[in-house]
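As you go down the protein sequences, you meet chains A and B in turn. Terminal number for the first sequence in the working numbering: 347, no gaps in between. Terminal number for the second sequence in the working numbering: 369, no gaps in between. No residue lacks a Cβ here, since even glycine has one placed at the ideal position from N, Cα and C. Keep in mind the model is a prediction, meaning the values are calculated, not measured.
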Amino acid sequence: MSDHTRVEPVPGPASTKTRVGGGQRGPALRWTLFIGRRLVRLVVSLLVLVTATFVMVQLIPGDPVQAALGDQATAELVALRRHELGLDLPLIEQYLRYLGGVVTGDFGRSIVTEAPVADLLATRFPNTLGLAAPAFVLVILIAMPVGLLTAVRTRGGQGRVTRSMFVNVTGVLNSIPDYVLGTLLTLVFVVTIPAFPAAGNEEPAAYVLPVLALVAAPAASLARIVRVEALKVLDAEYVRAAKARRLPTALRYWRHVLPNMLTASLTYGTMILAGLIAGTVLVENVFGWPGVGTVISQSVIQKDYPLIQGILLVLGAVVLILNMIVDVVLGVLDPRSRMGEL
Amino acid sequence: MSASTNRHLRLLLGGGAPLLLLLLFVFLSIFAPTIWGDAASASNVAEANDGISAAHLMGTDDLGRDILARTLVATRQSLVLAVLATLVGGCVGVAIGLVSAMSRRLGRAAGALINVLLAFPALLLAIFFAVLFGIGSVGSVLAVGASFAPGFARITQTLTASVVAKEYVEASRVLGKRPLYVTFRHVLPNIGEPVILYAMIHIGTAVLALSGLSFLGLGVQPPVFDWGRLLADGLTRIYVTPGVAVAPAIAIVLAGLTFNLVGEWLSDVVAGRDSPSGALRRDRIPAAAAPAADEPEPPAARWSTCVTSGSSTRRAAVASPARSVTCPSRCARASGSGSSVSRGRARARPHPPSRS
Chain A
6 MSDHTRVEPV PGPASTKTRV GGGQRGPALR WTLFIGRRLV RLVVSLLVLV
56 TATFVMVQLI PGDPVQAALG DQATAELVAL RRHELGLDLP LIEQYLRYLG
106 GVVTGDFGRS IVTEAPVADL LATRFPNTLG LAAPAFVLVI LIAMPVGLLT
156 AVRTRGGQGR VTRSMFVNVT GVLNSIPDYV LGTLLTLVFV VTIPAFPAAG
206 NEEPAAYVLP VLALVAAPAA SLARIVRVEA LKVLDAEYVR AAKARRLPTA
256 LRYWRHVLPN MLTASLTYGT MILAGLIAGT VLVENVFGWP GVGTVISQSV
306 IQKDYPLIQG ILLVLGAVVL ILNMIVDVVL GVLDPRSRMG EL
Chain B
14 MSASTNRHLR LLLGGGAPLL LLLLFVFLSI FAPTIWGDAA SASNVAEAND
64 GISAAHLMGT DDLGRDILAR TLVATRQSLV LAVLATLVGG CVGVAIGLVS
114 AMSRRLGRAA GALINVLLAF PALLLAIFFA VLFGIGSVGS VLAVGASFAP
164 GFARITQTLT ASVVAKEYVE ASRVLGKRPL YVTFRHVLPN IGEPVILYAM
214 IHIGTAVLAL SGLSFLGLGV QPPVFDWGRL LADGLTRIYV TPGVAVAPAI
264 AIVLAGLTFN LVGEWLSDVV AGRDSPSGAL RRDRIPAAAA PAADEPEPPA
314 ARWSTCVTSG SSTRRAAVAS PARSVTCPSR CARASGSGSS VSRGRARARP
364 HPPSRS
């Protein structure tokens, strides 16, 4: 049993190729280089993000301070506020100050409420993550088995009914945006049948509807991807070989099918997770969730630029860091994905 | 023969339901404002904030305007803005993609930018650009368009890269055609179809994205209204009069579904189309490539390795010195014609060690 599994440590066509790119370097050095390169890429992307949020405020037509304070504000008040915010300094100095602030966790103060943006992010952002994280786990837990199961049932053109049902159901679910689903769920499960609390996040039951609204569409599209990937893998020669060697079915799927369909699924999974983090902005507005999403739309309307910058920075940074983590995880799981650069 | 006709028939019929829905949406966006425009704007305070009733099937809003009529009238606003946003995103994205695939130096920078932008979810980009372009219909169209641009740029870049490597493009370059001519005459027609398909699918996404922005209050501003705004209005009073959010919700879902299905059907049709017609069209375009195609087999192969790209030439030179001997002469002839490609050719020549 155990020597069955040791015959081919990395199932699939990967094992021959890893040697080509490896060259003379040892594995430790290769890993350091791999992770180092990813870190450099992350830092560069973060710098682009910080610069973009800085440039955004510079590019806005008109004076942001005047816009935020309203037309009635006197010239002295505007000048005073400009000085307070450091907007009268040369551009390059402003940028360096902004960059320094972001690095030390100082995102400035809200123009409207004058509260530090960092404090608001510290209290609100965990709630947003608390919504996105369970949603993501649920997406994976639903999409992976459903996609794999449908692939097994529909391989080789069999199971037409299953196939068309799967395609239609996922297609419909995929077309319902989260905020519409959230509204409809509120209508049914809060207003018509008062089963769940309407807003807030005080009790565990309050998580059910927002998470459900977030999960449906991404789970459907990920299940589709998983099915297509699994169908590809199920057709591969090494799976047939495993079957010919009479490996137990469970082992065949666990050792040979699952790892090989994981790359594309996980890559798409990161995009889904990033989408979930953005999707919370809309869903939070439906359910009055005390996260950053309910703040950002308000702050855009109020032209509270430091607050917008802070929220965009945090959301963007989370997306970039997630991408980097998944890249590294993929590198560990699937040697093919780091082929190009080793 | 009859089997393929049958398949064509099935394909055409398979598009039936989505196409009917699409027609319905087109009809509504053209005629709904004239038919229900009055009902949608006629306020009647006595009937304000009504729930579902026989007179108002989907209820009324805070000024007593019929919500069903407003939803139908909003079709035009929602769909026209979505098409515009897709057009904006398509034009910007295709331009960036073409530039990054046609020019090597700009290409690297553009490619890196596209990579960073693609990592961000579209909604985050849309909010960023909504801040930049301001709140309102113009701002939201530009914002959604800008958030689509990286995707368009990526697909254009990938497609262009495969077209640029083809012999007829190289032939056209070697004949001394300008890059702009090559782009419009050879590259664009050959990548048009998949890009248009991609755009079709994205109209549905644009409907959802614009409604989302409006739902947040960042899209169209009163008195203009679209589905997202109607949905947001419905949500605020969902406890008083449940049901008023249903009409816009159904409209959004149905529109998204319709465009997704039409896009899927179109790609099925394109994928399953008979090859002769496709081949015919493909033959028509690279007319300039005729001399290259007429060349006998071995020189043609050598010729193509010479002119493709610098890196592949270097690799070819390492692989077989015989090839590199014949290459530069042909390339020199090409550069003699004074085309702007000549600089690239000179760099591609394997022997002078001028690495840049």
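(message) Could you tell me the alpha carbon to alpha carbon distance between Tyr-100 of chain A and Phe-238 of chain B, rounded to whole angstroms?
(response) In the first sequence, counting from the first residue as 1, residue 100 of chain A sits at position 95. In the second sequence, counting from the first residue as 1, residue 238 of chain B sits at position 225. Approximately 39 Å between the Cα atoms of the pair.
(message) Within 10 Å of its beta-carbon, does Gln-77 of chain A have 16 or more other beta-carbons around it, so buried, or fewer, so exposed?
(response) As a position in the first sequence, residue 77 of chain A is number 72, starting the count at 1. Exposed, since its Cβ has fewer than 16 Cβ neighbours within 10 Å.
(request) Determine the closest residue to Leu-35 of chain B out of B:Ala-284, B:Val-282, B:Val-283 and B:Ala-264, with distance taken between C-alpha atoms. (result) Along the second sequence, read from residue 1 onward, the residue named residue 35 of chain B stands at position 22. That would be B:Ala-264, whose Cα lies nearest to the Cα of Leu-35 of chain B.
(request) Kindly list, in the order they appear in chain B, the residues whose Cβ is closer than 8 Å to that of Thr-155 of chain A. (result) Counting from 1 along the first sequence, the entry for residue 155 of chain A is found at position 150. Those do not exist, as Thr-155 of chain A stays about 18 Å from chain B at its closest Cβ, beyond 8 Å.
(request) Kindly say whether Val-129 of chain B, judged by its beta-carbon, lies nearer than 7 Å to any beta-carbon of chain A. (result) To locate residue 129 of chain B, count along the second sequence from 1; it is residue 116. At least one chain A Cβ lies under 7 Å of Val-129 of chain B.
(message) If I follow the unbroken alpha helix (DSSP H) through Gln-336 of chain A, where does it start and stop?
(response) Residue numbering aside, residue 336 of chain A sits at position 331 when the first sequence is read from its first letter. The sequence given here has Gly at residue 336 of chain A, not Gln. Gly-336 of chain A -> alpha helix (DSSP H) spans 310 to 338.
(request) Could you tell me whether the Cβ of Phe-141 of chain B comes closer than 7 Å to any Cβ of chain A? (result) Locating residue 141 of chain B in the second sequence gives position 128, where the first residue counts as 1. So, interface residue.
(request) Taking 8 Å as the threshold, find out whether the stretch 279 to 294 of chain A comes into contact with the stretch 128 to 140 of chain A through three or more Cβ pairs. (result) yes
(request) Examine chain A for any beta-carbon lying closer than 7 Å to the beta-carbon of Val-275 of chain B, and answer yes or no. (result) As a working mapping, residue 275 of chain B is identified with position 262 in the second sequence. Val-275 of chain B does not count as touching chain A.
(request) For Pro-253 of chain A, return the contacting residues in chain B, with the cut-off set at a CB-CB distance below 7 Å. (result) Taking the first residue of the first sequence as position 1, residue 253 of chain A is located at position 248. In chain order: nothing, as chain B lies at least about 38 Å away.
(request) Please decide whether Phe-38 of chain B counts as near chain A, where near means a Cβ-Cβ distance under 7 Å. (result) The count along the second sequence starts at 1 and reaches residue 38 of chain B at position 25. No - not a single Cβ of chain A is within 7 Å of the one on Phe-38 of chain B.
(request) Could I get the ranges of all uninterrupted beta strand (DSSP E) runs contained in the stretch 55 to 88 of chain A, with 3 residues as the minimum, in chain order? (result) none
(request) Using alpha carbons as the reference points, say which of B:Asp-51, B:Met-213 and B:Leu-92 lies closest to Ala-82 of chain B. (result) Here residue 82 of chain B is taken as the residue at index 69 of the second sequence, counted from 1. For the residues B:Asp-51, B:Met-213 and B:Leu-92, the minimum Cα distance to Ala-82 of chain B belongs to B:Asp-51.
(request) Compare the beta carbon distance of Ile-204 of chain B and Thr-173 of chain B with 7 Å and say whether it is the shorter of the two. (result) As a first step, residue 204 of chain B must be located in the second sequence, where it is residue number 191. As a first step, residue 173 of chain B must be located in the second sequence, where it is residue number 160. In this structure, Thr-173 of chain B lies closer than 7 Å to Ile-204 of chain B by Cβ.
(message) Does any residue of chain A have a CB that is nearer than 7 Å to the CB of Pro-235 of chain B?
(response) Counting from 1 along the second sequence, the entry for residue 235 of chain B is found at position 222. Judged by the 7 Å Cβ criterion, Pro-235 of chain B is not in contact with chain A.
(request) Check whether the Cβ of Val-174 of chain A lies closer than 7 Å to any Cβ atom in chain B. (result) Numbered from 1 along the first sequence, position 169 holds the residue referred to as residue 174 of chain A. It does not: the Cβ of Val-174 of chain A has no partner Cβ on chain B nearer than 7 Å.
(request) State yes or no: is the beta carbon of Ile-251 of chain B nearer than 7 Å to at least one beta carbon in chain A? (result) Reading the second sequence from its first residue, position 238 is the one you call residue 251 of chain B. Interface residue, yes.
(request) Would you please verify whether the beta carbon of Ser-50 of chain A is less than 7 Å from any beta carbon of chain B? (result) Indexing the first sequence from 1 puts residue 50 of chain A at position 45. Chain B contact via Cβ: present.
(request) Have a look at Phe-417 of chain A and Leu-92 of chain A and give me their C-alpha separation to the nearest angstrom. (result) This structure does not reach residue 417 of chain A, given that chain A is present from 6 up to 347, and the question cannot be answered.
(message) Using a Cβ-Cβ distance cut-off of 7 Å, determine whether Thr-188 of chain A contacts chain B.
(response) Counting from one through the first sequence, the residue named residue 188 of chain A turns up at place 183. Judged by the 7 Å Cβ criterion, Thr-188 of chain A is in contact with chain B.
(request) Pick helix, strand or coil for Pro-32 of chain A, following the three-state DSSP scheme. (result) Position 27 of the first sequence, counting from 1, holds the residue named residue 32 of chain A. Note: Pro-32 of chain A maps to helix in three-state DSSP.
(request) Quick one: list the residues of chain B neighbouring Leu-192 of chain A, beta-carbon separation under 8 Å, in chain order. (result) Within the first sequence, the letter at position 187 stands for residue 192 of chain A. Within 8 Å Cβ-Cβ: Ile-251, Pro-255, Gly-256, Ala-258 and Val-259.
(message) Against chain B, does Ser-304 of chain A count as a neighbour if the rule is that its beta carbon must be under 7 Å from one of theirs?
(response) The residue given as residue 304 of chain A occupies position 299 in the first sequence. Ser-304 of chain A does not count as touching chain B.
(request) Could you tell me whether any Cβ in chain A is nearer than 7 Å to the Cβ of Val-282 of chain B? (result) Taking the second sequence and counting its residues from 1, the one referred to as residue 282 of chain B is at position 269. Judged by the 7 Å Cβ criterion, Val-282 of chain B is not in contact with chain A.
(request) Buried or exposed for Val-108 of chain A, please, with buried defined as at least 16 other CB atoms from any protein chain shown within 10 angstroms of its CB. (result) Here residue 108 of chain A refers to the residue found at position 103 of the first sequence. Under this definition Val-108 of chain A is an exposed residue.
(request) Below 8 Å between beta carbons is the criterion; list the residues of the stretch 59 to 80 of chain A that meet it against any residue of chain B, in chain order. (result) Met-61, Leu-64, Ile-65 and Pro-66
(message) Counting C-beta neighbours from all protein chains within 10 Å, is the total for Arg-165 of chain A 16 or more, i.e. buried, or is it exposed?
(response) Taking the first sequence and counting its residues from 1, one reaches residue 165 of chain A at position 160. That one is exposed.
(request) Express the C-alpha separation of Ser-226 of chain A and Ser-270 of chain A in angstroms, rounding to a whole number. (result) Along the first sequence, one-based indexing puts residue 270 of chain A at 265. Along the first sequence, one-based indexing puts residue 226 of chain A at 221. Ser-270 of chain A and Ser-226 of chain A: Cα-Cα distance of roughly 11 Å.
(request) Check each residue of the stretch 220 to 233 of chain B: if its Cβ is closer than 8 Å to any Cβ of chain A, include it; give the result in chain order. (result) Leu-221, Ser-224, Gly-225, Phe-228, Leu-229, Gly-230 and Leu-231
(message) Here's the rule: buried if 16 or more other CB atoms are within 10 angstroms of the residue's CB, otherwise exposed. What is Trp-278 of chain B?
(response) As a first step, residue 278 of chain B must be located in the second sequence, where it is residue number 265. Label assigned to Trp-278 of chain B: buried.
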